[in-house]
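Engineer:
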Amino acid sequence: MSRVSNNPVFVPKNVEVSITSSEVTIKGPLGFLKQRLESNVSIEFSDSQLKITAKDATKFSNAISGTVRALLANMVKGVSDGFERKLLLVGVGYRAQATANMLSLTLGFSHSIDYAVPNGIKIETPSQTEIVIKGIDKQKVGQAAAEIRAYRRPEPYKGKGIRYSDEVIVIKETKKK
489 MSRVSNNPVF
499 VPKNVEVSIT
509 SSEVTIKGPL
519 GFLKQRLESN
529 VSIEFSDSQL
539 KITAKDATKF
549 SNAISGTVRA
559 LLANMVKGVS
569 DGFERKLLLV
579 GVGYRAQATA
589 NMLSLTLGFS
599 HSIDYAVPNG
609 IKIETPSQTE
619 IVIKGIDKQK
629 VGQAAAEIRA
639 YRRPEPYKGK
649 GIRYSDEVIV
659 IKETKKK
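Counting from 1 along the sequence shown, just add 488 to a position and that's the residue number in the working numbering.
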């Protein structure tokens, strides 16, 4: 059995869980999320805990039970606290400016880049070189951060580019003659 799915998911008081045969809906103060269920997994909700078990002993059921447990734990955290990812712009003249549904990036190209903000995501720019991405869906927040970072990845010689706030760039030494 999956070791991950052995641990129950603790549900806070302000979060509601509804389970049907085909999906789980989790509602909290920040919004609600839905997740389709696999037929190989059973979910029980009692005493403000979600318990996930595999219905049979196959390798797939074992693996998917751990995956479903991780997804449900992320959903509970998302609707109660939310997720946040910070990006830093490093380079001369690199700037970011957020509006309601558009992020405008100046990254040293001949033109500025406009990134359309996906639904369910909120992007803020506390300063011109910081981008904060917030949302309740961990996958959407991470995907938006990865798409923005892909416009100008940090390069290994000077470290210029868009990087995650906790990312460490190992600077290479230049070639010597």
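The beta carbon of each residue, even a glycine, is placed where N, CA and C say it ideally should be. Quick caveat: nothing in here was measured; it's all calculated off a predicted structure.
(1) Rounded C-beta distance between Val620 and Lys660? I'm assuming under 8 Å.
(2) Identify the continuous alpha helix (DSSP H) that holds Val505 and give its terminal residues.
(3) Apart from the five residues on each side of it in sequence, which residues of its chain come closer than 7 Å, Cβ to Cβ, to Glu532?
(4) Any idea if Ala604 is buried or exposed, counting beta-carbon neighbours within 10 angstroms, 16 or more meaning buried?
(5) Determine the direct distance from the alpha carbon of Gly519 to that of Thr500, and round the result to whole angstroms.
(6) Please go through the stretch 558 to 586 and give each complete beta strand (DSSP E) segment of 3 or more residues, from N-terminal end onward.
(7) Over what stretch of residues does the beta strand (DSSP E) that includes Arg651 continue unbroken?
(8) How far does the alpha helix (DSSP H) with Ser536 in it reach, from first residue to last?
(9) I'd like to know whether the C-beta atoms of Ile552 and Asn589 end up nearer to each other than 8 Å.
(10) Work out the CA separation of Gly516 and Lys648 for me, nearest whole Å.
(11) Flag this pair as touching only if the stretch 555 to 562 and the stretch 634 to 642 have three or more C-beta atom pairs under 8 Å; answer yes or no.
(12) Would a C-beta distance cut-off of 8 Å place Gly623 and Phe571 closer than the cut-off?
Structural biologist: To lay it out plainly:
(1) On the sequence shown, residue 620 is found 132 positions in, with the first residue counted as 1. On the sequence shown, residue 660 is found 172 positions in, with the first residue counted as 1. Not a contact, Cβ separation roughly 29 Å.
(2) Counted from its first residue, the sequence shown places residue 505 at position 17. Premise fails: Val505 lies in the beta strand (DSSP E), Glu504 to Ile507, not in any alpha helix (DSSP H).
(3) Within the sequence shown, the letter at position 44 stands for residue 532. Around Glu532: Lys539.
(4) In the sequence shown, counting from the first residue as 1, residue 604 sits at position 116. The residue in question, Ala604, is exposed, as its Cβ has fewer than 16 Cβ neighbours within 10 Å.
(5) Taking the sequence shown and counting its residues from 1, one reaches residue 500 at position 12. Taking the sequence shown and counting its residues from 1, one reaches residue 519 at position 31. The residue you asked about is not Thr; residue 500 is Pro in the sequence shown. Going by the C-alpha atoms only, they are around 14 Å apart.
(6) Taken in chain order, the complete beta strand (DSSP E) segments of 3 or more residues contained in the stretch 558 to 586 are 571 to 578 and 583 to 586.
(7) Within the sequence shown, residue 651 is the residue found at index 163, counting from 1. Run containing Arg651: Gly649 to Tyr652, per the beta strand (DSSP E) assignment.
(8) Within the sequence shown, the letter at position 48 stands for residue 536. Here Ser536 belongs to no alpha helix (DSSP H), and DSSP marks it neither H nor E.
(9) For this step, residue 552 is matched to residue 64 along the sequence shown. For this step, residue 589 is matched to residue 101 along the sequence shown. In this structure, Asn589 does not lie closer than 8 Å to Ile552 by Cβ.
(10) Taking the sequence shown and counting its residues from 1, one reaches residue 648 at position 160. Taking the sequence shown and counting its residues from 1, one reaches residue 516 at position 28. Going by the C-alpha atoms only, they are around 39 Å apart.
(11) no
(12) Translated into positions along the sequence shown, residue 623 becomes position 135. Translated into positions along the sequence shown, residue 571 becomes position 83. Against a cut-off of 8 Å, the Cβ pair of Phe571 and Gly623 comes out as a contact.
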